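Presented below is the structure to which this report refers.
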Amino acid sequence: MAAMATTLRSSLTKTSFFDNKSTFHGAAVVPTRAAQPIKSTPKNLAVAMASTPYNLDDFKFQPIKESIVAREMTRRYMTDMITYADTDVVVVGAGSAGLSCAYELSKNPDINIAIIEQSVSPGGGAWLGGQLFSAMVVRKPAHKFLDELEIEYDEQDHYVVIKHAALFTSTIMSKLLARPNVKLFNAVAAEDLIVKGGRVAGVVTNWALVAQNHHTQSCMDPNVMEAKIVVSSCGHDGPFGATGVKRLRSIGMIESVPGMKALDMNTAEDAIVRLTREIVPGMIVTGMEVAEIDGSPRMGPTFGAMMISGQKAAHLALKALGLPHALDGSYSEAQPELVLASAEADDVVEA
């Protein structure tokens, strides 16, 4: 789409436009100089505090009219709704699997991705570990995805531990949502599917609060979002869980949704990745929703399968779109990341 196109002008060589590589093949990513994280040492903190570019004792904001704020929010959101009314990929559910899928897909700047999330706060269950504890356990070799995201962890023999699960979720969201070919529509529910000629062709959307209150009002009709591919990552069964596959069953496109079995970590994670697939034409299922449709075990508080299942779903979407992907060897060169600007260069990005 022309509205989503970007142009990079730089005094540097054009090859610097693409630099980081995917970990999907297990190859570690070497970040560029511009992408290197700054360690939050006391020395760096002192320098940052000393160079605060305003007076905190007498701070005053520039004036603004309230109507300008309203217009800025409305114009941009309505523009996004128009832009993504017909898009390449819709990812339903912004949990760890959905975010990982969208992140992997967004490395191709020519693919436009809309993420639909019924909650105000995306991330699903990946803000905490098990039983509301903080740490996130990721079994190897999925830790290579964390290396790509530049997330620090405590390394053990067969697994790694992130000190707080929110580090994963906030990091992947900050990298993903900064990209010009991605839009997150949170507080929006996917109420139904668009199906044409036996193929899923998009989703039916509504504000989440409206979707939760159809029983209190009448005639609150929805909106629609057409897509070449829908990725359903709605999680395990619940009020908004496994809604994609449950709808496929109710309209006769699949026979049953038996639900996930009891917990078995070692069996579950391998099964989730292996069974991630295009379940019907136009719709790929990823994450814990896979366990619901196949009756595979639940994994409990380990998260590696969510990340790798999401990556696999992204490459299945690339395959369905007729683009190079990692599933048949056509993705021989790891897809580079899209770097929009460098903090140490005079790169300019125009939308």
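Here our numbering is used: the first residue of the sequence shown is 37, the next is one more, and so on. Note that CB positions come from ideal geometry on N, CA and C, so glycine has one too. These numbers come from a predicted model, not from an experiment.
In the DSSP assignment, what residue or residues form a beta bridge with E191?
V196
If you check the beta carbons only, do V125 and A225 fall under 8 angstroms apart?
no
Give me the Cα-Cα distance between G159 and S136, rounded to the nearest whole angstrom.
11 angstroms
Proximity to V239 [Cα-Cα], best of H200, S142, N91 and Y120:
Y120
Between the stretch 310 to 320 and the stretch 343 to 352, do at least 3 Cβ pairs fall closer than 8 angstroms?
yes
Residues of its chain near P317, where Cβ-Cβ distance is below 8 angstroms and the 5 sequence neighbours each way are ignored:
G234, R235 and V236
With a cut-off of 8 angstroms on the beta carbons, I'd call D228 and R283 a contact; round off their distance for me.
6 angstroms
How many Å lie between N217 and D116 at the Cα?
11 angstroms
Taking 7 angstroms as the limit between beta carbons, can you name the residues of its chain near D122, skipping five residues before and five after?
E262
F97 - containing beta strand (DSSP E), residue span
Per DSSP, F97 belongs to no beta strand (DSSP E) and is neither H nor E.
What residues match up with V240 in a beta bridge as DSSP calls it?
D228 and V260
Every unbroken beta strand (DSSP E) inside the stretch 105 to 150 [3 residues or more]:
122 to 128
Alpha carbon to alpha carbon, how far is R107 from D94?
29 angstroms
For R175, does the three-state DSSP call read helix, strand or coil?
strand
So, does the stretch 99 to 114 touch the stretch 245 to 263, judging by three or more C-beta pairs under 8 angstroms?
no
Coarse secondary structure for F328, derived from DSSP in three states
As written in the sequence, residue 328 is Glu, which differs from the Phe given in the question. Helix at E328.
Using a 10 Å radius around the Cβ and a threshold of 16 neighbouring Cβ atoms, would you call L220 buried or exposed?
buried
Go ahead and label V128 buried or exposed: buried means 16 or more other beta carbons lie within 10 angstroms of its beta carbon, across all protein chains shown.
buried
Bounding residues of the beta strand (DSSP E) (the contiguous stretch that carries K219)
V218 to N222
Terminal residues of the continuous beta strand (DSSP E) containing R334?
Unbroken run through R334: none, as it is neither H nor E.
Would you call A138 buried or exposed, if buried means 16 or more other Cβ atoms sit within 10 Å of its Cβ?
buried
Within 10 Å of its beta-carbon, does I22 have 16 or more other beta-carbons around it, so buried, or fewer, so exposed?
Not covered by the structure: residue 22. The range shown for the chain is 37 to 387.
Limits of the unbroken beta strand (DSSP E) element including S156:
Note that residue 156 is Val in the sequence shown, not Ser. Unbroken run through V156: none, as it is neither H nor E.
Could you tell me the distance, in whole angstroms, from the CA atom of R215 to the CA atom of S206?
15 angstroms
For my contact list, G274 and G323 are in at a C-beta cut-off of 8 angstroms; report their separation, rounded to the angstrom.
In fact, because the Cβ distance is near 13 angstroms, the residues do not count as touching under 8 angstroms.
Name, in chain order, the residues that DSSP records as bridge partners for S170.
DSSP lists no partner for S170.
Residues bridged to I265 [DSSP beta-bridge criterion]
V125
On the three-state DSSP scale, how would you describe T207?
helix
Could you give the residue range of the alpha helix (DSSP H) that holds I320?
Counting along the chain, I320 falls outside any alpha helix (DSSP H), though it belongs to the beta strand (DSSP E) covering M319 to V321.
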